[in-house]
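Everything below concerns the one structure shown next.
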Amino acid sequence: MQVHIIEDGVVVNTIIATVAEAEAAYPDAVCIDAEQHAGGVGWLWDGHALTPPPPAPDLPPPVPDSCSKRQGELVLLTVPMEVDGQQLTVLHWLEAKIAAEPDPIEKRRMQAELGAATWERANPFLQQIWAALGHSQAELDELFRRAVTL
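Numbering (my numbering), first residue to last: 917 to 1066.
Laid out in structure tokens, this is it:
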């Protein structure tokens, strides 16, 4: 026989035992016959019947640590921005910013960052550019989630 062990109105375990054995082993829990009350761990007990737990809230997928250069460029092409009345994408703005950089060492560093085969979420250059554009960390997280699907 199987017995549901219930604590605070929630099934916390299902064991093989009689109800009497379960009650002896778990004196502070409610023990009910699992064959008479179908359910499982996480199900809710109202004193008479078991009901399934409410659905878990939809959580966003985890934020990827990185994406490929290709994925990064494709997603940046989907982020519009306006500069001096002209409609651009973030990728076009970034390429223009690099091309206009007067310091040759800084320009080369920026080219290396943009040209890296893998774009890392925690990269300081990426963080600096994203902040300069006035975007939030949550928006950057969502951008990386989208990028890895491309």
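Beta carbons: idealized from backbone N, C-alpha and C, even for Gly.
Query	Result
My output table needs one value for residue 926: the three-state DSSP class, helix, strand or coil.	strand
Alpha carbons only, please: which of 934, 1024, 1036, 920 is nearest the one belonging to residue 886?	Here the chain comprises residues numbered 917 to 1066, so residue 886 is not present and cannot be evaluated.
Which of the three DSSP states is assigned to residue 1003 in this structure?	strand
From the DSSP output, in three-state form, read off residue 992 for me.	helix
Whether or not the segment 927-940 and the segment 957-974 are in contact is what I'm after, with contact meaning three or more pairs of Cβ atoms, one per stretch, closer than 8 Å; do they touch?	yes
Using 10 angstroms around the beta-carbon of residue 932, count the other beta-carbons present and answer buried if the total reaches 16, otherwise exposed.	exposed
Residues in its own chain within less than 8 Å of residue 935 by CB, not counting five upstream and five downstream?	917, 919, 947, 948, 949
Which runs of the beta strand (DSSP E) fall wholly inside the segment 930-956 and span at least 3 residues, in chain order?	946-949
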